[in-house]
DNA sequence: CTTGCAGGATTGTTCAACAATCTCTTAGCA
DNA sequence: TGCTAAGAGATTGTTGAACAATCCTGCAAG
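Rendered as structure tokens:
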């Protein structure tokens, strides 16, 4: 194995580089047919092409996706464990229909995890490097730009990414995975709600405000702000949901 | 459908009975070959018969479990998403080897979830029915009995169940699922630790103490106690892990 | 000591077939 | 009319065999 630099000092940055390469390799390698099929289905579901309650026929999808039934079923399993599909034995797979109870459940978990991450920054990363916040800023600006272009679905996507990146500050692989699931399920809810603008617009500014607090390292303030933010969002979705 | 009793009064107990029957039916129905194979493998892994790092050969297991390769691979997928197996593309499935970083990660999540559940009881269930605590008491007593019989693996199992039931107090399907995963992963760690007695013994009494606090509805106290409990446990496991 | 190259073994994927189960329709009956 | 039962058709669950793609091992060459 070659060693472009061998002073003990740079060992840490070398470790970091190795990790990024390993991540790249993993991303390229992951292209099994099942996962590619899952990618396509995932997009169809989160974009609303497959609405909640829809049944996914095996024979039909094998033709469309050009994979065998076995491979398709593996893709189904993948999405099942992301919460984007549910299996009913001997009946097939369906896009879940979430109800108000699920909204409450999802938001409860979001609050617990996200607030803890932000609050925990005070202890764990009192001197959080500015670079760690960059992805968050990108998401904030992406949402603002999308709003100007009236692309409200894109605003929702940017908002999701903002929260995923927020959780990413915790450096916890399991929190990242859980959040991915939670947000994916949340997207299921958005499609039964008529007004995307009213739903997403208020949170553009709030994301910006939250980012500012993080940048100023006012973590305690940010945490209480985020708590209220999520509760407001929950209430809004519940209201929109009831009047659908 | 027959109605053994039809007075309006017993309607609630009848509902409860219907739920238990439905649960039984679901448990029997869920017996797809893949899930049955997964059950067997899950036990083998959590009981340590398949140690961390072990590779699971497809052809070998198809013979042992008497299922086809495709069905076996579905079982693999199930366990992969529980964190009990990892896929390496074109190389096979392996029992994960967790390291100290994983211990920290797992305990961080346990702390966040469990402490929040207990603390949340004050608001959500100020008058928690005693019946809801029964499963916890059963687990406490099971651990105490197993300890007297020197069955330390059983103590560990009862301890796991205690914490699972604790999370169950939140009535959150997603918290239950997450906790199931977290505890399953935790079991992976126990098998690389030599002394099960030293590991589990201190927590028998602490579970009892925690139960007493819950029964007395001293939720705030219980929460801080639980926080310290989990931190102590984390430290103990890390220490045992480093000196393995 | 490293590099390159068989070959054998293992995983990834497909296909066709059959078994098990569900759903829907229809027939029978009060 | 309304309910129950039976059966046909469709869909899912599972299997086994086959082939392709990839990985691992050992050996030979530099």
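Chains as they are written, first to last, in the numbering used here: chain A, 1 to 244; chain B, 245 to 488.
The beta carbon of each residue, even a glycine, is placed where N, CA and C say it ideally should be.
Remember, predicted model here, so these are calculated numbers, not experimental data.
- One finds 105 in chain A with Cβ atoms closer than 8 Å to the Cβ of residue 417 of chain B, taken in chain order.
- Under the 9 Å criterion on CB atoms, residue 227 of chain A is classed as non-interfacial with respect to chain B.
- The straight-line gap separating the alpha-carbon atoms of residue 236 of chain A and residue 107 of chain A is approximately 12 Å.
- Taking the Cβ atoms as the reference, residue 323 of chain B lies roughly 11 Å from residue 316 of chain B, outside the contact range of under 8 Å.
- For residue 92 of chain A, DSSP records a beta bridge to A/88.
- Per DSSP, residue 48 of chain A lies in no alpha helix (DSSP H) segment and is marked neither H nor E.
- When rounded, the separation of the alpha-carbon atoms in residue 385 of chain B and residue 88 of chain A is 37 Å.
- If you draw a straight line from the Cα of residue 389 of chain B to the Cα of residue 309 of chain B, it is about 34 Å long.
- Of the other Cβ atoms in all chains shown, 16 or more fall within 10 Å of the Cβ of residue 163 of chain A; this residue is therefore buried.
- The C-beta of residue 402 of chain B has 16 or more other C-beta atoms within 10 Å across all chains shown, which makes the residue buried.
- By the 16-neighbour rule on beta-carbons within 10 angstroms, residue 303 of chain B is exposed.
- Excluding the 5 residues flanking it on each side, residue 160 of chain A has same chain C-beta neighbours closer than 8 Å at 183, 186, 187, in chain order.
- Remark: fewer than three beta-carbon pairs, one from each stretch, lie closer than 8 Å, so the segment 467 to 476 of chain B and the segment 371 to 378 of chain B are not flagged as touching.
- Closest option to residue 398 of chain B, judged by alpha-carbon separation, among B/358, B/413, B/298, B/443: B/443.
- Judged by their CB atoms, residue 376 of chain B and residue 413 of chain B are nearer to each other than the 9 Å cut-off.
- Annotation: the continuous alpha helix (DSSP H) that includes residue 204 of chain A extends over 202 to 215.
- Excluding five sequence positions before and after residue 409 of chain B, the CB atoms of its chain that fall closer than 8 Å to its own CB belong to 379, 380, 383, given in chain order.
- Secondary-structure assignment with DSSP links residue 56 of chain A through a beta bridge to A/93.
- For residue 218 of chain A, the closest alpha carbon among the candidates A/56, A/104, A/90, A/120 is that of A/120.
- Where residue 411 of chain B is concerned, the enclosing alpha helix (DSSP H) starts and stops at 396 to 412.
- Proximity of residue 81 of chain A to chain B, defined by a Cβ-Cβ separation below 9 Å, is satisfied.
- The C-beta of residue 356 of chain B comes closer than 9 Å to at least one C-beta of chain A.
- Interface annotation, residue 207 of chain A: not in contact with chain B, CB-CB separation never under 9 Å.
- For residue 181 of chain A, the number of other beta carbons within 10 angstroms of its own is at least 16, and it is reported as buried.
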